[in-house]
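Notes follow once the structure below has been shown.
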Amino acid sequence: MRIKACRKAHFNAAHRLYRKDWSEERNIQVFGKCSNSHYHGHNYELIVAVIGDVDPETGYLIDLKILKQYIKEEVENPFDHKNLNEEVEEFKTLNPTAENIAFVIWNRLRKRIEVKYEIEVTLYETPRNYVIYTGT
Ligand code: NI
Numbered sequence: 026m027r028i029k030a031c032r033k034a035h036f037n038a039a040h041r042l043y044r045k046d047w048s049e050e051r052n053i054q055v056f057g058k059c060s061n062s063h064y065h066g067h068n069y070e071l072i073v074a075v076i077g078d079v080d081p082e083t084g085y086l087i088d089l090k091i092l093k094q095y096i097k098e099e100v101e102n103p104f105d106h107k108n109l110n111e112e113v114e115e116f117k118t119l120n121p122t123a124e125n126i127a128f129v130i131w132n133r134l135r136k137r138i139e140v141k142y143e144i145e146v147t148l149y150e151t152p153r154n155y156v157i158y159t160g161t
């Protein structure tokens, strides 16, 4: 039986969207308020889905306690109440858009979760705006 098991998580973080190689005007034009040089925060809501075959012996797809722990170590601890641009290594060279944050989270979790599982990361930057990354 193939199934998708999900775990929700949450973090608050500050970011700024900009390119150093662009003028201030162009950054404001493209990124708008998200380019504010004094940074601003979002309440990010995260849903991590793990997809695979249920173990017939245990009835589990994955032990959600372990998934919870991976999310804590790879996402909540390093991202929560942080300035993503300055405090998270990946965003020193990558604009912390919702798209790129989902990509980074997916890659961090991919290193921890067995390859037999597919991973899907859904990231809400606002209650109405969200992205989904499945690794393709
Ligand atoms: Ni923003």
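When we follow our numbering, the leftmost residue of the sequence shown carries the number 26, and every step to the right adds one. In this text, a Cβ means the ideal position worked out from N, Cα and C, and glycines have one as well.
Pick from the options that is closest to residue i, judged by C-alpha positions
{"i": "K33", "options": "Y69, R41, V129, A39", "result": "Y69"}
{"i": "R153", "options": "S60, D46, Y142, H67", "result": "H67"}
{"i": "D46", "options": "Y142, T118, E143", "result": "T118"}
{"i": "F36", "options": "G84, I157, T83, L109", "result": "L109"}
{"i": "W131", "options": "E139, V146, H106, Y142", "result": "V146"}
{"i": "G77", "options": "Y158, V140, Y155, N125", "result": "V140"}
{"i": "N61", "options": "I144, L42, Y158", "result": "L42"}
{"i": "K107", "options": "N52, H65, K93, A127", "result": "H65"}
Straight-line gap, residue i to residue j (C-alpha atoms, nearest Å)
{"i": "A30", "j": "E49", "result": "43 Å"}
{"i": "E114", "j": "M26", "result": "39 Å"}
{"i": "T161", "j": "V75", "result": "15 Å"}
{"i": "E150", "j": "Y95", "result": "21 Å"}
{"i": "P121", "j": "I91", "result": "27 Å"}
{"i": "A38", "j": "V156", "result": "17 Å"}
{"i": "D80", "j": "V129", "result": "29 Å"}
{"i": "Y142", "j": "A123", "result": "23 Å"}
Residue i CB to nearest heavy atom of the ligand NI below 7 Å
{"i": "H65", "result": "yes"}
{"i": "H40", "result": "yes"}
{"i": "C31", "result": "no"}
Cβ neighbour criterion (16 or more within 10 Å) applied to residue i
{"i": "L148", "result": "buried"}
{"i": "L134", "result": "buried"}
{"i": "L71", "result": "buried"}
{"i": "L89", "result": "exposed"}
{"i": "V55", "result": "exposed"}
{"i": "E99", "result": "buried"}
What ranges does the beta strand (DSSP E) occupy inside the stretch 56-93, keeping only unbroken runs of at least 3 residues that lie completely in it?
65-78
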